[in-house]
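Engineer: Encoded as structure tokens, here's the structure I'll be asking about.
Protein chains: 2
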Amino acid sequence: MTGTVASPARLSKQLDDGLAAVERAMLDVTNSRVEVLRAASQHILSAGGKRIRPRLLLLTYLALGGDDVARVARPAAAIELMHTASVVHDDINDHGILRRGRPSVNAIWGRTFALLTGDFLFTAVYELMAPYQQLNVDLARAATALVEGETLQASAVKNNTFTREVYMDIIALKTAALFRAAAVIGAKMTGVGENEANELGEFGFNLGLAFQITDDILDIVADEESLGKTSGIDVHQGRGVAVALHAGNGNGSTQVIDPVEAIKRKMMEGDSIEKARAQAALLVDSAVARLSALPDSPAKQALADLALVVIQRET
Amino acid sequence: MTGTVASPARLSKQLDDGLAAVERAMLDVTNSRVEVLRAASQHILSAGGKRIRPRLLLLTYLALGGDDVARVARPAAAIELMHTASVVHDDINDHGILRRGRPSVNAIWGRTFALLTGDFLFTAVYELMAPYQQLNVDLARAATALVEGETLQASAVKNNTFTREVYMDIIALKTAALFRAAAVIGAKMTGVGENEANELGEFGFNLGLAFQITDDILDIVADEESLGKTSGIDVHQGRGVAVALHAGNGNGSTQVIDPVEAIKRKMMEGDSIEKARAQAALLVDSAVARLSALPDSPAKQALADLALVVIQRET
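Chain order of the listed sequences is A and B.
The opening residue of the first sequence carries number 1 in the numbering used here; numbering runs sequentially from there.
The opening residue of the second sequence carries number 1 in the numbering used here; numbering runs sequentially from there.
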């Protein structure tokens with residue numbers, strides 16, 4: 001399906017409408033009769049967040065000629081809720097006390113309810129996606145990848161096996177797979193074929209890698225207040241991109257370093273952050289190259305802009 | 001679809017084949033490349049368990065004339081994995097160290113990996129069910145109910161609001177909803193209509209209530225060795241059926257009692273266990289009554305037998 005080329009003003013309205021529908025869908029599906037689940041879900045959802053995954057899905061859909069954003073609000077909400085569920089569980093394992101500028105669910109309601117709230121958000125994803133068939137296959141794989149990535153990360157920290165290759169593997173699974181699913185689902189909902197959807201999926205995947213590298217850079221350099229979450233935790237868990245760029249020197253070696261020590265050491269050497277930024281920029285370039293086959297449109301331009309924002313953001 | 005009436009020997013073989021296919025499906029979908037997820041999943045799965053939910057699904061399918069058990073193995077595996085996921089998370093929140101006669105995932109791999117293993121099992125459910133559409137709606141609702149029930153329970157303990165009504169509400173959500181889904185899905189996969197599927201669903205629902213009440217009785221009376229999980233934990237969490245039967249005296253009152261104290265006190269009064277057993281027996285009667293419209297068959301008989309086993313079991 002290739003719709004009429006929309007004006008920038010129309011795109012802006014469609015995107016706003018789509019994101020508003022996503023918010024409604026998320027609040028609606030988390031409106032549990034069980035008070036603590038409702039309250040904790042709404043606490044984390046109303047704290048905002050960049051909503052980059054729903055944006056990616058909506059813009060992909062619009063760039064491929066889709067024109068009924070209400071139709072894609074449910075899958076877009078499901079993807080954002082899956083991310084949110086992982087965030088809530090992450091804060092349990094990392095003892096994170098700040099998230100999006102607010103106390104984490106864990107900090108307010110305690111571990112038991114944070115665990116159950118994360119589970120509840122996963123089941124909400126499942127409810128939202130139940131009516132779909134093939135799209136569920138795409139999202140279910142991303143869900144598994146997400147949990148595998150988080151586990152690989154925890155294992156690498158525990159076993160002290162954090163190399164550049166492991167880092168890239170982790171962020172591919174825990175972040176980029178969900179970005180890919182967002183783009184693939186947005187594409188497939190316009191009715192395009194597998195090949196075109198996969199091309200957009202690669203755009204999303206590379207964007208996801210760049211996003212996570214940028215996130216890890218920000219985690220190292222940002223102070224707690226501006227980032228809005230407990231800074232240093234990710235560093236402490238050894239996620240730092242400094243490790244990614246230097247450990248093993250890209251040769252897939254068995255060189256194993258203590259992640260926290262490595263980050264500190266590399267930070268002092270001075271250029272690792274710059275190298276990470278350069279890598280993220282390259283990933284964004286290769287993401288944007290995937291858009292070349294698309295007809296020009298405000299939505300295509302917005303996808304390219306989104307990719308730039310991902311690496312240029314300061315929070 | 002009404003197949004040929006099978007002989008008891010044929011039923012037995014079909015059930016064995018079906019359960020074996022369920023085991024294969026569970027091992028297959030949890031065969032993660034991430035070692036700890038694979039190991040922890042296989043640890044809990046290979047410990048066995050009664051597999052009552054897959055049995056319920058398979059027997060419902062067979063009792064309604066279905067005759068290709070391989071077709072229902074995936075949904076049956078999904079339902080057992082959903083239960084398993086909740087068990088793994090439950091052991092985190094309850095600090096359970098024994099499960100099915102083995103150390104819990106939590107006890108061996110620690111909290112972080114137990115949390116991620118539970119998440120992984122939830123995503124495995126999602127992967128297994130992705131190809132289905134309407135059945136996903138049924139299972140997704142049960143998934144939400146399960147988490148809501150667990151949360152309601154934790155809230156009732158924390159806020160000291162554990163009455164008979166709350167107890168029945170909790171077990172309806174956390175246990176009976178999944179039993180209902182097992183029966184509904186088994187029924188729908190034979191192609192029967194909504195009404196007939198719902199009738200079987202009510203069978204499953206009542207069976208689930210009886211199952212949970214019996215579980216709670218066993219939790220009070222069984223010693224740790226024979227039960228194979230850390231006994232007393234459920235009592236300590238205030239789940240005891242004694243509370244269910246006596247707190248509030250069934251009048252929906254606001255009478256609030258400390259669950260642990262209440263259980264101990266009521267236990268000494270002596271007849272609460274008997275009353276709980278009687279309630280479970282009544283629920284099984286009303287479950288079995290739902291089977292009356294079914295044509296006689298070994299599978300129908302096996303469903304009725306399953307209902308009796310649920311309340312007569314000693315572990």
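All C-beta atoms, glycine included, are put in the ideal place defined by N, C-alpha and C.
Since the structure is predicted, the reported quantities are computational estimates derived from the model, not experimental observations.
Is the CB-CB distance between Arg74/A and Leu128/A below 7 Å?
Structural biologist: Taking the first sequence and counting its residues from 1, one reaches residue 74/A at position 74. Taking the first sequence and counting its residues from 1, one reaches residue 128/A at position 128. Cβ distance < 7 Å, so Arg74/A and Leu128/A count as in contact.
Engineer: For Ser286/B, collect the residues of the same chain with a Cβ closer than 8 Å to its Cβ; drop the 5 residues on either side in sequence, then sort them by chain order.
Structural biologist: In the second sequence, the residue the question calls residue 286/B occupies position 286. Excluding residues within five positions, the ones whose Cβ falls inside 8 Å are Asn206.
Engineer: In the DSSP assignment, what residue or residues form a beta bridge with Leu98/B?
Structural biologist: Position 98 of the second sequence, counted from the start, is the residue given in the question as residue 98/B. Answer by DSSP bridge pairing, in chain order: Pro103/B.
Engineer: Would you call the stretch 176-183 of chain B and the stretch 144-160 of chain A in contact, with 3 or more CB pairs under 8 Å?
Structural biologist: no
Engineer: Whole angstroms are fine: how far does the CA of Ile170/B sit from the CA of Leu152/B?
Structural biologist: In the second sequence, residue 152/B corresponds to position 152, counting from 1. In the second sequence, residue 170/B corresponds to position 170, counting from 1. The straight-line gap from Cα to Cα measures roughly 6 Å.
Engineer: For Val22/A versus Ala77/A, is the C-beta spacing smaller than 7 Å?
Structural biologist: Translated into positions along the first sequence, residue 22/A becomes position 22. Translated into positions along the first sequence, residue 77/A becomes position 77. Cβ atoms of Val22/A and Ala77/A: closer than 7 Å.
Engineer: For Leu146/A and Lys174/A, which I take to be in contact (beta-carbon distance under 8 Å), what is that distance rounded to the nearest angstrom?
Structural biologist: Along the first sequence, read from residue 1 onward, the residue named residue 146/A stands at position 146. Along the first sequence, read from residue 1 onward, the residue named residue 174/A stands at position 174. The Cβ separation is near 6 Å, so the contact holds.
Engineer: Can you give the beta carbon distance from Leu303/A to Leu291/A, rounded, assuming they're within the 8 Å contact cut?
Structural biologist: As a position in the first sequence, residue 303/A is number 303, starting the count at 1. As a position in the first sequence, residue 291/A is number 291, starting the count at 1. Contact flag correct, Cβ pair sits at about 6 Å.
Engineer: Can you tell which of Asn195/A, Ala39/A and Ala183/A has the C-alpha that lies nearest to the C-alpha of Ala63/A?
Structural biologist: On the first sequence, residue 63/A is found 63 positions in, with the first residue counted as 1. When only C-alpha atoms are compared, the closest one is Ala183/A.
Engineer: For the alpha helix (DSSP H) containing Tyr167/B, list its first residue and its last residue.
Structural biologist: Along the second sequence, read from residue 1 onward, the residue named residue 167/B stands at position 167. Note, Tyr167/B: alpha helix (DSSP H), Arg164 to Ile171.
Engineer: With a threshold of 8 Å on Cβ separation, who are the neighbours of Asp119/A within its own chain once the five nearest residues in sequence on each side are excluded?
Structural biologist: The residue given as residue 119/A occupies position 119 in the first sequence. Excluding residues within five positions, the ones whose Cβ falls inside 8 Å are Ala85.
Engineer: Tell me, to the nearest whole angstrom, how far the beta carbon of Thr117/A is from that of Leu37/A; I am working on the premise that it is less than 8 Å.
Structural biologist: As a position in the first sequence, residue 117/A is number 117, starting the count at 1. As a position in the first sequence, residue 37/A is number 37, starting the count at 1. With a Cβ gap of about 6 Å, Thr117/A and Leu37/A count as contacting.
Engineer: So Ala280/B and Ala210/B are supposed to be a Cβ contact under 8 Å. How far apart are they, rounded?
Structural biologist: By one-based count along the second sequence, residue 280/B stands at place 280. By one-based count along the second sequence, residue 210/B stands at place 210. For Ala280/B against Ala210/B, the beta-carbon gap comes to about 4 Å, under 8 Å, which counts as contact.
Engineer: According to DSSP, simplified to helix, strand and coil, what is Asn159/B?
Structural biologist: Residue 159/B sits at position 159 when you count from the first residue of the second sequence. Three-state result, Asn159/B: helix.
Engineer: Under a three-way DSSP split, which group does Tyr126/A fall into?
Structural biologist: Position 126 of the first sequence, counted from the first residue, corresponds to residue 126/A. It is helical.
Engineer: Return yes when the Cβ of Ala143/B is within less than 7 Å of the Cβ of Tyr132/A, no when it is not.
Structural biologist: Translated into positions along the first sequence, residue 132/A becomes position 132. Translated into positions along the second sequence, residue 143/B becomes position 143. No, Cβ-Cβ distance for Tyr132/A and Ala143/B is not below 7 Å.
Engineer: Ignoring anything shorter than 4 residues, give me the alpha helix (DSSP H) runs that lie fully in the stretch 172-214 of chain B, in order along the chain.
Structural biologist: 177-188
Engineer: How would you call Asp296/A, buried or exposed, if buried means at least 16 neighbouring beta carbons within 10 angstroms?
Structural biologist: Here residue 296/A refers to the residue found at position 296 of the first sequence. Per the 10 Å Cβ criterion, exposed.
Engineer: Counting only beta-carbon atoms, is Leu245/A nearer than 7 Å to chain B?
Structural biologist: Position 245 of the first sequence holds residue 245/A. Its pLDDT being 43, under 50, Leu245/A is placed unreliably in this model, and the value from its coordinates should be taken loosely. Answer no: the Cβ-Cβ gap between Leu245/A and chain B never drops below 7 Å.
Engineer: In terms of residues, what are the limits of the alpha helix (DSSP H) holding Gln279/A?
Structural biologist: In the first sequence, counting from the first residue as 1, residue 279/A sits at position 279. Unbroken alpha helix (DSSP H) run through Gln279/A: Ser272 to Ala289.
Engineer: Residues of chain B with CB under 7 Å from Ile92/A, in chain order?
Structural biologist: Here the question's residue 92/A lines up with position 92 in the first sequence. What Ile92/A touches in chain B: Leu115.
Engineer: At which residues does the alpha helix (DSSP H) containing Leu294/B begin and terminate?
Structural biologist: By 1-based counting over the second sequence, the position of residue 294/B is 294. Careful: Leu294/B lies outside any alpha helix (DSSP H) and carries neither H nor E.
Engineer: Determine the contact status of Glu80/B and Pro54/B, defining contact as a CB-CB distance below 7 Å.
Structural biologist: Position 80 of the second sequence, counted from the first residue, corresponds to residue 80/B. Position 54 of the second sequence, counted from the first residue, corresponds to residue 54/B. Yes, Cβ-Cβ distance for Glu80/B and Pro54/B is below 7 Å.
Engineer: So is Leu308/A buried or exposed if we call it buried at 16+ other beta carbons inside 10 Å?
Structural biologist: Translated into positions along the first sequence, residue 308/A becomes position 308. Per the 10 Å Cβ criterion, exposed.
Engineer: How about Val105/A and Ala40/A: do their beta carbons lie closer than 7 Å?
Structural biologist: Your numbering for residue 105/A matches position 105 in the first sequence. Your numbering for residue 40/A matches position 40 in the first sequence. Yes; because the gap between Cβ atoms is below 7 Å, this pair is in contact.
Engineer: Run down chain B in chain order and give the residues with a C-beta less than 8 Å from the C-beta of Leu37/A.
Structural biologist: Locating residue 37/A in the first sequence gives position 37, counting from the first residue. Simply Val147, Glu148 and Thr151.
Engineer: What residue range does the alpha helix (DSSP H) around Asn31/A cover?
Structural biologist: To locate residue 31/A, count along the first sequence from 1; it is residue 31. Looking at the DSSP string, Asn31/A is not in any alpha helix (DSSP H), and its letter there is neither H nor E.
Engineer: Answer with yes or no whether the minimum CB distance from Asp119/B to chain A is below 7 Å.
Structural biologist: Taking the first residue of the second sequence as position 1, residue 119/B is located at position 119. Yes, Asp119/B lies at the interface with chain A (some Cβ there is under 7 Å from its Cβ).
Engineer: Whose Cβ in chain B lies nearer than 7 Å to the Cβ of His89/A?
Structural biologist: On the first sequence, position 89 is the one that residue 89/A refers to. Under the 7 Å cutoff, chain B gives Leu115 and Asp119.
Engineer: For a contact meaning CB atoms closer than 7 Å, what does Gln133/B contact in chain A?
Structural biologist: The count along the second sequence starts at 1 and reaches residue 133/B at position 133. Neighbours of Gln133/B across chain A, judged by C-beta separation under 7 Å: Pro131 and Gln133.
Engineer: What distance in whole Å lies between the Cβ atoms of Tyr61/B and Gly193/B, which are believed to be in contact at a cut-off of 8 Å?
Structural biologist: If you number the second sequence from 1, residue 193/B lands on position 193. If you number the second sequence from 1, residue 61/B lands on position 61. Not quite, the Cβ-Cβ distance comes to about 15 Å (not below 8 Å), so this is no contact.
Engineer: Which same chain residues, not among the five before or five after Pro8/B, have their C-beta less than 7 Å away from its C-beta?
Structural biologist: For the purposes of this step, residue 8/B is taken as residue 8 along the second sequence, with counting starting at 1. Excluding residues within five positions, the ones whose Cβ falls inside 7 Å are Pro298.
Engineer: May I have the straight-line CA-CA distance separating Ala271/B from Arg277/B, to the nearest angstrom?
Structural biologist: Position 271 of the second sequence, counted from the first residue, corresponds to residue 271/B. Position 277 of the second sequence, counted from the first residue, corresponds to residue 277/B. According to the sequence shown, residue 271/B is Asp rather than Ala. So the two alpha carbons sit approximately 10 Å from each other.
Engineer: Where does Arg38/B fall in DSSP's three states?
Structural biologist: Taking the second sequence and counting its residues from 1, the one referred to as residue 38/B is at position 38. Of the three classes helix, strand and coil, the one that applies to Arg38/B here is helix, per DSSP.
Engineer: If you draw a straight line from the C-alpha of Gly96/B to the C-alpha of Asp90/B, how long is it?
Structural biologist: As a working mapping, residue 96/B is identified with position 96 in the second sequence. As a working mapping, residue 90/B is identified with position 90 in the second sequence. In this model, Gly96/B and Asp90/B are separated by some 8 Å (Cα to Cα).
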